[in-house]
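Have a look at the structure below before the remarks.
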Amino acid sequence: MFYGDASTTATIGWDQLNVEAEYLYIDTLPLDTTHLNNCIDKFIQRKDKGMNNHFVELENLKADTRYYFCVKDKNGFSKSFYFHTVPNTPNTPLAFVAGGDSRTRSAVRRQANLLVAKLKPHAVLFDGDYTAIDTPNEWIQWFDDWSLTVGQDGRITPIVPSRGNHERTNKVMVNIFNVPSKRVYYSTQFGGGLLNLVVLNSEIWKGGAQTWFLRNNLEKHKDFTWSVPMYHRPMRPHVKHKKEMQTQYKHFVPVFEAYKNVRLAIECDSHTCKSTWPILKCEEGENCEEGFVRDDSLGIVYVGEGCWGAPPRAADDQKSWTRNADMNDSFKYIFVYPNKIEVRTILYSNAQEVEEVDPENRFVLPQGIQLWEPSNGAVVTIEPLQ
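In UniProt numbering, the protein residues as written are 1 to 386.
Given below as structure tokens:
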């Protein structure tokens, strides 16, 4: 998991089966189990959902560096894995996979997970609703499926998780992902001053402490090129039977709009696919619909709404400011540059046919990748305000 500065910190977590863990070994060189030096023997332990979860919180890491690790217990060594810290220069572009709602269709979400391994993004921004009813069996199956995101060479893509409405408590997010806030709102920074990702919690009160956190966080990172909020429930769902999130609209949107580096927001929950035109809050006027009006110069683009394996729903509640919406199985593939953000929607059902991304040429789409290509184009391009 990436919490805090993704160039210098990371959290490693695992379910320790049967016996006690003795050491976690970590190094910037491939591990040789006959000559291991850098070891950690103190773990945070949290038992929940039938798992004996262990966490190691790493600090003072080197930016843009590959770290190899394995776990040792009395039965021997685990497989060796590695992750890559993020460059700390704001001129280096970054790639992310974003989405959520993986709930019930295990075979479908495994396709999405396999494609993550092939795309090799810098991180997965997972926006809630991992399982259907939050049971131990479901969570264990979810992590078995999630193992498909690990590359054949042991590469792990770090995850930045948020809470959805199918996670029954905040506590489960702490126990399973070791999130840094008991209220499950926090932020992670990428690429020096390039991107500040603000993870919000749509399952608790939106005003008060959470709005204060949001405002203070955006103020602290106002000099970053981009700040992107991520939260589970959409302000204005594109599925008719989903309710409008009035308290989020009231408390979050004015804060988003007060900061010019907020040009994109990531939402989930409705099990449909949408992107909006840039929009701003409005109260009245000919083109004001459901509290938003299109504004291509100053507006914020909202994308979502959660198609990582949960049963898809028809996008039957489109607005005048909807760019495009449709029912499909997909996630967002986001390229963050200093001068623009590009958002594509990836249809992952043909994951086996997609070639692996070359990490040295990460921003060239791989052979075989299938894009959602709606009427207004496959790429949503967002530029910073001057």
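Beta carbons: idealized from backbone N, C-alpha and C, even for Gly.
1. How far does the alpha helix (DSSP H) with His84 in it reach, from first residue to last?
2. How many angstroms separate the CA atom of Ser330 from the CA atom of Trp142?
3. For His54, does the three-state DSSP call read helix, strand or coil?
4. Could you tell me which residues DSSP puts in a beta bridge with Gly304?
5. Go through its chain and collect everything with a Cβ distance to Leu194's Cβ below 6 Å, but skip five positions before and after it.
6. Grab me the residues of Val239's own chain with a C-beta within less than 8 Å of its C-beta, minus the 5 sequence neighbours each way, in chain order.
7. Taking 7 Å as the limit between beta carbons, can you name the residues of its chain near Ser227, skipping five residues before and five after?
8. Please list, in chain order, all residues of the same chain as Gly368 whose beta carbon is under 6 Å from its beta carbon, the five residues on each side excluded.
9. Which ranges does the alpha helix (DSSP H) cover as unbroken runs of at least 4 residues, wholly within the segment 90-178, from first to last along the chain?
10. Assuming Lys47 and Asn38 are in contact, meaning their beta carbons sit under 8 Å apart, how far apart are those beta carbons, in whole angstroms?
11. What number of angstroms, rounded off, separates the C-alpha of Tyr25 from the C-alpha of Lys72?
12. So, does the segment 281-290 touch the segment 67-87, judging by three or more C-beta pairs under 8 Å?
13. Assign Phe213 to one of three DSSP states: helix, strand, or coil.
14. Return the CA-CA distance between Ala21 and Gly13, expressed in angstroms with no decimal places.
15. Excluding five sequence neighbours on each side, which residues of the same chain lie with their C-beta closer than 6 Å to the C-beta of Gly299?
16. Please classify His241 as buried or exposed, where buried requires at least 16 neighbouring CB atoms within 10 angstroms.
17. Return the chain-ordered ranges of every alpha helix (DSSP H) run that is complete within the segment 223-273 and spans a minimum of 4 residues.
18. Label Thr247 either buried or exposed according to how many other C-beta atoms from any shown protein chain fall within 10 Å of its C-beta, with 16 as the threshold for buried.
19. Output the distance between the C-alpha atoms of Asp295 and Leu61, rounded to the nearest integer angstrom.
20. Runs of 3 residues minimum, wholly inside the UniProt domain "Purple acid phosphatase N-terminal" (6-85): which ones carry the beta strand (DSSP E) assignment?
21. Which residues in the same chain have their Cβ closer than 6 Å to the Cβ of Glu383, if we skip the five residues on either side of it in sequence?
22. Using only alpha-carbon positions, find the residue among Pro93, Asn113, Thr276 and Pro234 that is nearest to Gly151.
23. With burial defined as no fewer than 16 other Cβ atoms inside 10 Å of the residue's Cβ, what is the status of Arg168: buried or exposed?
24. Exposed or buried, Asn88, counting other C-beta atoms within 10 Å across all chains shown (16 or more means buried)?
25. Please identify the residue among Leu94, Pro93, Arg109 and Thr92 whose C-alpha is closest to the C-alpha of Gly100.
26. Please report the straight-line C-alpha distance between Ser349 and Gln111, rounded to a whole angstrom.
27. Could you check where the beta strand (DSSP E) with Asp358 kicks off and where it finishes?
28. Would you say Arg103 and Ala132 are within 7 Å of each other, going by their C-beta atoms?
29. Please say whether Thr345 and Trp372 have beta carbons closer to each other than 7 Å?
Quick look at the numbers:
1. No alpha helix (DSSP H) holds His84; the beta strand (DSSP E) holding it covers Phe81 to His84.
2. 18 Å
3. strand
4. Lys274
5. Pro90 and Thr225
6. Ser270, His271, Thr272, Glu305, Arg313, Ala314, Ala315, Asp316 and Asp317
7. Asn196, Val198, Leu218, His221, Tyr259, Asn261 and Val262
8. Glu353, Val354 and Glu355
9. 106-119, 136-146 and 170-177
10. About 27 Å; that fails the 8 Å criterion.
11. 8 Å
12. no
13. helix
14. 12 Å
15. Pro278, Ile279 and Leu280
16. exposed
17. 246-251 and 253-257
18. exposed
19. 42 Å
20. 10-15, 21-27, 44-48, 51-58, 66-73 and 81-84
21. Lys340
22. Asn113
23. exposed
24. buried
25. Arg109
26. 6 Å
27. Careful: Asp358 lies outside any beta strand (DSSP E) and carries neither H nor E.
28. yes
29. yes
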